[in-house]
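Heads up, the thing below is written out as structure tokens.
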Amino acid sequence: MDPILTDDSILSLLSSVKLSSEGKSTDWWEELTESDRVNILSGIRDYRQVEIMRSN
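In terms of the working numbering, the sequence shown opens at residue 1 and continues consecutively.
Okay, structure coming up:
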């Protein structure tokens, strides 16, 4: 089982992917591992849930 990524590690991963994909015609999302995609989507979902809770 892969360790859960922290906010800092997700941001670092996204920054690295962005830098490595500049000038490429392929979609950077497709270059991520399935685990990385799951962790990123989980972080986005968690963030949205916090925003919803704050607005209530």
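All residues carry an ideal CB built from backbone N, CA and C; glycine is no exception.
Remember, it's a predicted structure, so these values are computed and weren't measured experimentally.
- One thing to note: tryptophan 28 has its Cβ no nearer than 7 Å to the Cβ of valine 38.
- Its Cα nearest to that of leucine 11, the residue Gly43 stands out among Gly43, Val50, Arg48 and Glu31.
- Counting along the chain, glutamate 30 sits inside the alpha helix (DSSP H) bounded by residues 28 to 31.
- In the three-state DSSP reduction, glutamate 51 falls in the helix class (H, G or I).
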